[in-house]
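> Here it is, the structure, as structure tokens.
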Amino acid sequence: MTTPATDTTADRNPRPVGDNRQKILEATMKRFQYQGDALIEVLHKAQELYGFLSPELLGEVARRLKLPPSRVYGVATFYHFFSLAPQGEHSCTVCLGTACYVRGAAILLRELEALSGVQAGRTSADGRFSLLTARCLGACGIAPAVVLDGEVVGHADRSDLKARIQALLKREE
Ligand code: FES
Numbered sequence: 054m055t056t057p058a059t060d061t062t063a064d065r066n067p068r069p070v071g072d073n074r075q076k077i078l079e080a081t082m083k084r085f086q087y088q089g090d091a092l093i094e095v096l097h098k099a100q101e102l103y104g105f106l107s108p109e110l111l112g113e114v115a116r117r118l119k120l121p122p123s124r125v126y127g128v129a130t131f132y133h134f135f136s137l138a139p140q141g142e143h144s145c146t147v148c149l150g151t152a153c154y155v156r157g158a159a160i161l162l163r164e165l166e167a168l169s170g171v172q173a174g175r176t177s178a179d180g181r182f183s184l185l186t187a188r189c190l191g192a193c194g195i196a197p198a199v200v201l202d203g204e205v206v207g208h209a210d211r212s213d214l215k216a217r218i219q220a221l222l223k224r225e226e
């Protein structure tokens, strides 16, 4: 169960309670003392948390690291491992961090791979579904946590999640 909360994060979606992605990203930048040299590490973390690097997210990183937006954009487009757009029409990121792992995240991931026919880290051939993983979404208190199309789903119930994804994929057949 999630409750929308207003904020002005780089994510275009309202953040539900338990969504600490903005805090985690901020903590990462703080750990690097907001040094511009840490840009690649920060972008990695941002992509891991949000699934892709939106223009708003790149702008936020540029602002916080006091770097020209053109430099941040240049780095994000130079490296193939950064994605500036959602990878599939629908995406599901399964957190495999410790708190989620011990609550069955790996089993859930295997089941989602079998259900969708998409391996973790990949997008289906038709571009409709991406299955991603993260090390910690900052929602350990509601583990296991996944992000389904931008919505953090806490205490993810395997059957419920599989039904939701199946419905999403069927709707457009
Ligand atoms: S370990 Fe999954 S949200 Fe932190």
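Converting from the sequence shown to the numbering used here requires adding 53 to each position, the first position being numbered 1.
Cβ coordinates follow ideal geometry from the N, Cα and C atoms, glycine included.
As the structure is a computational prediction, the values presented were derived from the model and not from experiment.
Pull up the CB-CB distance for V147 and A158, whole angstroms please, since I reckon it's below 8 angstroms.
That belief holds up - the Cβ atoms of V147 and A158 are roughly 6 angstroms apart, short of 8 angstroms.
> Within this structure, are the beta carbons of Q144 and L184 separated by less than 9 angstroms?
Rather than Gln, the amino acid found at residue 144 in this sequence is Ser. Result yes, Cβ atoms of S144 and L184 sit closer than 9 angstroms.
> What's the gap between the Cα of R65 and the Cα of A192?
Low confidence applies here, because R65 scores a pLDDT of 45, under 50, leaving its location unreliable; read the following figure in that light. R65 and A192: Cα-Cα distance of roughly 18 angstroms.
> Below 8 angstroms, is the gap between the Cβ of Y103 and the nearest heavy atom of the ligand FES?
Outside the cutoff, so no.
> What are the start and end residues of the beta strand (DSSP E) that includes H143?
143 to 148
> Check F25 in the structure and name its three-state DSSP category.
Because residue 25 is not part of the residues shown, which for the chain are 54 to 226, the question remains open.
> Can you determine whether any heavy atom of the ligand FES sits closer than 8 angstroms to the C-beta of Y126, and answer yes or no?
no
> From what residue to what residue does the alpha helix (DSSP H) around V125 run?
122 to 131
> Quick check on the burial criterion: 16 or more other C-beta atoms within 10 angstroms. Buried or exposed for Q100?
Buried, by the Cβ-count rule.
> In its own chain, which residues sit with a C-beta less than 6 angstroms from the C-beta of R217, not counting the 5 before and 5 after it?
none
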